[in-house]
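Report on the structure given below.
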Amino acid sequence: MASHDRGHVKRVVALAEYIARREGADVDVVVKAAELHDIARGENGGNHALRGAEITRKLLAENPEFAEKVAHCIEAHSFSSGVKPETIEAKVLSDADKLDAMGAVGIARAFIYSGENGRSLEDTLKHFEEKLLRLVNCLYTETAKELGRERHEFMLEFYKRLKKELKFAETCTHKSVAEQERKNEVCNHDQNQNVL
Ligand code: NI
Numbered sequence: 002m003a004s005h006d007r008g009h010v011k012r013v014v015a016l017a018e019y020i021a022r023r024e025g026a027d028v029d030v031v032v033k034a035a036e037l038h039d040i041a042r043g044e045n046g047g048n049h050a051l052r053g054a055e056i057t058r059k060l061l062a063e064n065p066e067f068a069e070k071v072a073h074c075i076e077a078h079s080f081s082s083g084v085k086p087e088t089i090e091a092k093v094l095s096d097a098d099k100l101d102a103m104g105a106v107g108i109a110r111a112f113i114y115s116g117e118n119g120r121s122l123e124d125t126l127k128h129f130e131e132k133l134l135r136l137v138n139c140l141y142t143e144t145a146k147e148l149g150r151e152r153h154e155f156m157l158e159f160y161k162r163l164k165k166e167l168k169f170a171e172t173c174t175h176k177s178v179a180e181q182e183r184k185n186e187v188c189n190h191d192q193n194q195n196v197l
């Protein structure tokens with residue numbers, strides 16, 4: 002799928018390497034894990050993180066200690082696996098993958114995914130509320146939190162704008178101008194509330 006294409010992997014590798022250097026994590030483990038982290042995505046059935054770790058152990062079998070370190074990063078990079086990151090390297094990979102779902106890239110990927118899956122604008126907005134706008138609280142390392150803050154702010158601004166425009170379109174149908182203006186005021190009040 003285009004939302005999880007080569008471009009995603011390349012960006013996660015770059016982000017993971019940057020964070021690993023700043024956090025003093027093992028760069029070789031982190032980069033290898035980033036390259037392989039979505040290897041099982043697109044396979045039918047099973048959890049892609051757990052299955053990816055399994056494939057990684059086989060691929061790197063000649064160096065079992067290294068393989069295990071990389072595999073742990075991969076099994077723990079997605080919340081869906083239920084495995085928590087226990088090493089700094091695993092935290093770095095999780096952070097890099099989350100950062101690529103945030104900011105302008107995160108917005109673009111969300112809509113690519115929506116296009117691929119026939120998801121409406123309203124449902125995409127729900128995805129922002131349920132997932133994308135919560136990612137900022139799921140980052141482990143200080144370096145990622147620093148990068149994540151700005152990406153989160155930008156996404157939040159976009160989310161509010163989209164919500165406002167969708168609400169406006171909803172309120173202007175079959176309504177008098179006066180009523181429409183009153184409704185717009187309501188939108189503005191809504192906007193001032195904490196969206197999460
Ligand atoms: Ni990924």
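Numbering follows our numbering, with no gaps: position 166 of the sequence shown is 167.
Built from N, CA and C at the ideal position, the CB exists for glycine as well.
Does residue i pass the burial test, meaning 16 or more other C-beta atoms within 10 Å, or should it be called exposed?
{"i": "Ala62", "result": "exposed"}
{"i": "Phe129", "result": "buried"}
{"i": "Cys139", "result": "exposed"}
{"i": "Glu44", "result": "exposed"}
{"i": "Arg7", "result": "exposed"}
{"i": "Arg162", "result": "exposed"}
{"i": "Arg152", "result": "buried"}
{"i": "Glu166", "result": "exposed"}
{"i": "Asp124", "result": "exposed"}
{"i": "Gly46", "result": "exposed"}
{"i": "Ala68", "result": "buried"}
With H, G and I counted as helix, E and B as strand and the rest as coil, what does DSSP make of residue i?
{"i": "Glu131", "result": "helix"}
{"i": "Gly149", "result": "helix"}
{"i": "Thr172", "result": "helix"}
{"i": "Leu140", "result": "coil"}
{"i": "Arg110", "result": "helix"}
{"i": "Met103", "result": "coil"}
{"i": "Ser121", "result": "coil"}
{"i": "Gly116", "result": "helix"}
{"i": "Asp29", "result": "helix"}
{"i": "Asp6", "result": "coil"}
{"i": "Gln194", "result": "Low local confidence applies: a pLDDT of 45 at Gln194 is under 50, so the model's placement there is unreliable, and no value is given."}
{"i": "Lys161", "result": "helix"}
{"i": "Ala21", "result": "helix"}
{"i": "Val93", "result": "helix"}
{"i": "Cys188", "result": "Reliability of the predicted coordinates at Cys188 is poor, the pLDDT of 48 falling under 50, and no value is obtained from them."}
Hey, residue i and residue j are a contact pair by Cβ (cut 8 Å); roughly how many whole angstroms apart?
{"i": "Pro65", "j": "Ala77", "result": "Rounded, the Cβ-Cβ distance is 18 Å, inconsistent with contact."}
{"i": "Asn118", "j": "Ser82", "result": "The pair is not a contact, with the Cβ atoms about 22 Å apart (cut-off 8 Å)."}
{"i": "Ala26", "j": "Glu90", "result": "5 Å"}
{"i": "Leu133", "j": "Gly107", "result": "6 Å"}
{"i": "Ala50", "j": "Ser79", "result": "4 Å"}
Which parts of the segment 34-88 are runs of the alpha helix (DSSP H), unbroken and 4 residues or longer, counting only runs that do not cross its ends? DSSP runs (the alpha helix (DSSP H)) wholly in the segment 34-88: 49-60 and 65-76.
Evaluate the contact criterion for the segment 13-25 versus the segment 96-110: three or more CB pairs, one atom per stretch, below 8 Å. yes
Which residues end up in the neighbourhood of the ligand ADP when you take C-beta atoms closer than 5 Å to any of its heavy atoms? The ligand content of the structure shown is limited to the ligand NI, which means the ligand ADP is not among them.
Does the segment 68-84 come within contact of the segment 49-57, defined as at least 3 CB pairs closer than 8 Å? yes
Three or more beta-carbon pairs under 8 Å between the segment 109-119 and the segment 33-49, yes or no? no
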